[in-house]
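Numbering (the UniProt record's numbering), first residue to last: 1 to 687. To start, the structure itself, in structure tokens.
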């Protein structure tokens with residue numbers, strides 16, 4: 001298309017309102033497929049009936065790959081192809097309404113017009129997105145409130161912590177801010193599939209399954225120099241700690257500014273939040289999901305093995321692991337490849353855990369297929385099924401001889417309190433029942449057996465599996481760790497180990513106890529404390545042993561996840577070993593935000609953030625980070641003076657909101673003793 005640019009009026013405002021794209025701050029037209037938009041351009045000498053339009057996208061547009069369409073003026077809209085309908089004409093301008101098919105390829109298009117046999121004139125470019133408001137689209141979502149939340153909402157809440165203690169933090173998705181849309185389109189163009197075969201890659205961009213899978217690979221840096229580099233070591237030198245991010249914008253902008261070098265560092269919620277931003281930006285309804293006690297089954301046997309040494313140390317020797325929580329995505333679209341019963345929420349996971357077809361990508365796996373145990377269906381169902389259903393085996397491991405002994409196994413631990421943010425409210429919704437039948441029910445065990453059978457696991461002899469005798473051995477004592485006092489950073493950690501003799505004869509027990517700081521994947525990082533005791537339990541007797549780990553002892557060893565794993569390995573004379581363990585997430589101090597006065601669009605308003613130092617030493621290097629879509633552009637950084645023990649700091653700053661409606665401010669406070677104390681505040685902006 002020749003590049004002479006007549007004055008095209010793209011009616012950005014009117015089209016934006018019709019197409020639910022007015023939140024984009026771009027001067028370029030952004031519209032959704034399967035829906036008409038208006039364009040006005042300078043008239044030509046020829047009658048309008050002789051006009052031909054050309055819409056094309058990708059590197060080598062052609063009709064064959066559906067990356068090029070030519071169409072004339074017609075009297076009605078065509079359902080399954082591009083069409084143009086004349087709206088009005090005057091001596092020097094023609095206004096037409098252009099419609100694209102509901103399965104059009106998404107991306108940036110060039111639009112040209114040709115009159116008669118003269119060479120085409122360029123009208124300029126526009127961007128075409130998925131359309132969840134259109135019933136013919138694969139991503140169609142009939143519930144309008146869900147479209148608002150899962151496509152248009154720029155704020156989210158991510159759940160974390162552990163199954164005993166669910167915490168949450170706010171996240172600024174910011175999918176409509178600045179040049180995020182352009183960055184999302186560059187992600188598609190920098191993917192491995194595009195580099196290998198750009199023409200075929202672009203021709204598949206009409207399919208949300210394809211786009212979701214490609215982006216699940218591009219969000220992590222593995223294989224393709226994607227957006228975020230993962231790091232689970234507990235040491236984040238050379239980058240930013242995964243817990244320090246409060247939104248996707250800064251990450252995506254850094255990736256672009258550095259010449260597309262992976263941003264350091266991310267963990268699961270960062271990958272999931274960035275993927276949410278990108279998919280919402282492109283028009284695929286998407287949310288983040290947190291699974292508590294999430295299995296990472298590396299060898300595909302629907303079983304996760306954990307090993308402990310004689311002192312009770314959790315050994316980091318298995319490829320399998322049970323994470324305190326794991327965050328992935330669900331995106332909403334139909335599955336023409338599997339059949340209508342598998343439509344709806346599809347699981348995508350951008351965290352690089354295991355390779356799929358040779359690269360680190362995961363999904364889309366139909367949530368319905370996971371619930372029904374249909375693990376043979378595309379894509380990556382066995383891995384996702386294991387994340388919420390695997391059985392756990394706990395072994396004691398003799399580091400000298402390499403001999404392992406089963407301590408116990410359980411089938412109800414994995415996949416608990418599966419959580420997501422409510423539609424239109426800042427609350428948690430539990431979706432566990434959408435992933436599996438009730439734990440312990442016959443139906444749930446039947447689905448598990450069906451999945452094992454489909455994976456060919458029940459017929460194979462597994463030399464690493466426990467023997468029947470091992471599984472049936474019953475322990476002589478039971479134990480648990482109880483919490484005695486507040487679980488707060490800065491306070492001593494007080495627990496009680498409760499041991500009970502289940503038998504009617506006395507038992508002698510040697511108890512080896514350890515406490516380690518961990519990252520949220522339960523990978524041990526630093527030993528904090530250890531102790532051992534020998535005790536005798538009379539028949540049916542229960543005894544309590546208080547444990548105190550002073551703040552001074554654990555403070556230096558904590559990771560930024562503030563997690564501690566306590567373990568007691570009980571060697572019962574003449575009986576089998578008993579493992580008692582508990583994962584503890586310590587509460588960080590609280591932040592308080594107040595908006596002082598009414599928030600009005602384009603007017604300054606004062607905000608105050610209050611932090612109280614809860615520990616008995618001074619805290620320094622205090623830094624406050626603030627962000628929020630439509631409330632401020634980019635990230636606000638404020639240095640806060642040191643705070644003496646018990647002192648309160650008040651930090652004030654000004655905001656000038658630029659859009660009306662309910663907006664969210666996300667705040668992160670850090671200092672030398674506490675990293676990433678987060679909170680968020682809803683701010684209702686009025687005219």
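In this text, a Cβ means the ideal position worked out from N, Cα and C, and glycines have one as well.
Whole-angstrom distance between residue 27 and residue 640, CA atom to CA atom: Taking the chain shown and counting its residues from 1, one reaches residue 640 at position 640. Taking the chain shown and counting its residues from 1, one reaches residue 27 at position 27. One C-alpha to the other measures close to 38 Å.
Residue span of the beta strand (DSSP E) that contains residue 592, given as start and end: As a first step, residue 592 is located in the chain shown; it is residue number 592 there, counting from the start. Residues 591-596.
Assumed close pair residue 264, residue 229 - CB separation to whole angstroms, cut-off 8 Å: Stepping through the chain shown from its first residue, residue 264 is reached at position 264. Stepping through the chain shown from its first residue, residue 229 is reached at position 229. Their Cβ separation, rounded to whole angstroms, is 5 Å, which keeps residue 264 and residue 229 in contact under 8 Å.
Under 7 Å between C-beta atoms of residue 312 and residue 512: Looking up residue 312 in the chain shown gives position 312. Looking up residue 512 in the chain shown gives position 512. Cβ atoms of residue 312 and residue 512: closer than 7 Å.
Straight-line Cα distance separating residue 333 from residue 212: Counting from one through the chain shown, the residue named residue 212 turns up at place 212. Counting from one through the chain shown, the residue named residue 333 turns up at place 333. Straight-line Cα distance between these residues: approximately 10 Å.
Rounded C-alpha distance that separates residue 24 from residue 684: As a working mapping, residue 24 is identified with position 24 in the chain shown. As a working mapping, residue 684 is identified with position 684 in the chain shown. Approximately 20 Å between the Cα atoms of the pair.
Where residue 149 falls, given that 16 or more other Cβ within 10 Å makes a residue buried: Here residue 149 is taken as the residue at index 149 of the chain shown, counted from 1. Answer is buried; the Cβ neighbour count reaches 16.
Neighbour-count burial assignment, residue 319, 16 or more Cβ in a 10 Å radius: Numbered from 1 along the chain shown, position 319 holds the residue referred to as residue 319. When all chains shown are included, residue 319 counts as exposed.
Opposing strand residues paired with residue 624 [DSSP bridges]: Here residue 624 is taken as the residue at index 624 of the chain shown, counted from 1. For residue 624, which the question treats as bridged, DSSP gives the partners 638 and 669.
Validate contact between the segment 107-127 and the segment 139-148 using beta carbons, cut 8 Å, 3 pairs: no
Distance between residue 147 and residue 133 (C-alpha atoms, nearest Å): What you label residue 133 is simply residue 133 of the chain shown in a count that begins at 1. What you label residue 147 is simply residue 147 of the chain shown in a count that begins at 1. So the two alpha carbons sit approximately 7 Å from each other.
Option nearest residue 564 by Cα separation, candidates 598, 581, 533 and 552: By one-based count along the chain shown, residue 564 stands at place 564. Nearest option by C-alpha distance: 581.
Run of the beta strand (DSSP E) containing residue 448, from where it starts to where it stops: On the chain shown, position 448 is the one that residue 448 refers to. Not the beta strand (DSSP E): residue 448 falls in the alpha helix (DSSP H), residues 442-454.
Residues bridged to residue 545 [DSSP beta-bridge criterion]: By one-based count along the chain shown, residue 545 stands at place 545. 497.
Expected contact under 8 Å - CB spacing of residue 454 and residue 375 to nearest Å: Here residue 454 refers to the residue found at position 454 of the chain shown. Here residue 375 refers to the residue found at position 375 of the chain shown. 5 Å between Cβ atoms; contact.
Nearest to residue 648 (by Cα), restricted to the options 665, 659 and 616: Your numbering for residue 648 matches position 648 in the chain shown. Of the candidates 665, 659 and 616, the one whose C-alpha sits nearest the C-alpha of residue 648 is 616.
Alpha carbon of residue 370 to alpha carbon of residue 384, nearest angstrom: In the chain shown, the residue the question calls residue 370 occupies position 370. In the chain shown, the residue the question calls residue 384 occupies position 384. Going from the Cα of residue 370 to the Cα of residue 384 covers about 7 Å.
Inter-residue Cα distance where the pair is residue 403 and residue 397: If you number the chain shown from 1, residue 403 lands on position 403. If you number the chain shown from 1, residue 397 lands on position 397. Cα to Cα, the separation comes out at about 6 Å.
Validate contact between the segment 75-85 and the segment 95-115 using beta carbons, cut 8 Å, 3 pairs: yes
contact_flag[the segment 155-165, the segment 281-290] where n(CB pairs < 8 Å) is 3 or more: yes
7 Å CB neighbourhood of residue 232 in its chain, flanking five on each side removed: Sequence index remark: in the chain shown, residue 232 carries index 232 (1-based). 267, 519, 521 and 523, listed in sequence order.
Cβ pair residue 222, residue 379 closer than 7 Å: Stepping through the chain shown from its first residue, residue 222 is reached at position 222. Stepping through the chain shown from its first residue, residue 379 is reached at position 379. No, the Cβ-Cβ distance between residue 222 and residue 379 is not below 7 Å.
Where residue 21 falls, given that 16 or more other Cβ within 10 Å makes a residue buried: Position 21 of the chain shown, counting from 1, holds the residue named residue 21. Residue 21 comes out buried.
Contacting residues, own chain, Cβ-Cβ under 6 Å from residue 111 (five flanking each side not counted): As a first step, residue 111 is located in the chain shown; it is residue number 111 there, counting from the start. Result list for residue 111: 55 and 123, in chain order.
Burial state of residue 514, where buried means 16 or more other Cβ atoms lie within 10 Å: Taking the first residue of the chain shown as position 1, residue 514 is located at position 514. Buried, because 16 or more other Cβ atoms sit within 10 Å of the Cβ of residue 514.
Simplified DSSP state of residue 266, which is helix, strand or coil: Taking the first residue of the chain shown as position 1, residue 266 is located at position 266. Strand at residue 266.
Cut-off 8 Å between Cβ atoms - residues of its own chain near residue 598, not counting five sequence neighbours on either side: Within the chain shown, numbered from 1, the residue matching residue 598 stands at position 598. Excluding sequence neighbours, residue 598 sits near 605 and 686.
Cβ-based burial, residue 92 [other Cβ within 10 Å; buried from 16]: To locate residue 92, count along the chain shown from 1; it is residue 92. Flag for residue 92 reads exposed.
Cβ contact check for the segment 175-186 and the segment 330-345: 3 or more pairs under 8 Å: no
Cβ-based neighbour list, residue 654, same chain, cut-off 8 Å, excluding 5 preceding and 5 following: For the purposes of this step, residue 654 is identified with residue 654 of the chain shown, where counting begins at 1. So the qualifying residues of the chain are 604, 605, 606 and 607.
Selected residue, minimal CA-CA separation from residue 393, among 60, 307 and 284: One-based indexing of the chain shown puts residue 393 at position 393. Taking only the C-alpha atoms, the option nearest residue 393 is 307.
Closest Cα partner of residue 574 within the set 652, 473 and 373: Start at 1 with the first residue of the chain shown, and residue 574 comes out as number 574. Answer by Cα proximity: 473.
Coarse secondary structure for residue 4, derived from DSSP in three states: To locate residue 4, count along the chain shown from 1; it is residue 4. In this prediction, residue 4 scores a pLDDT of 48, lower than 50, which makes its location untrustworthy; the coordinate-derived value is nonetheless stated afterwards. Coil, per DSSP.
Cβ pair residue 691, residue 628 closer than 7 Å: This structure leaves residue 691 out entirely; the chain is present only between 1 and 687.
DSSP three-state assignment for residue 350, whether helix, strand or coil: Start at 1 with the first residue of the chain shown, and residue 350 comes out as number 350. In this structure, residue 350 counts as coil in the three-state DSSP scheme.
Residue 363 and residue 347 closer than 7 Å at C-beta: Counting from one through the chain shown, the residue named residue 363 turns up at place 363. Counting from one through the chain shown, the residue named residue 347 turns up at place 347. Contact flag set, yes.
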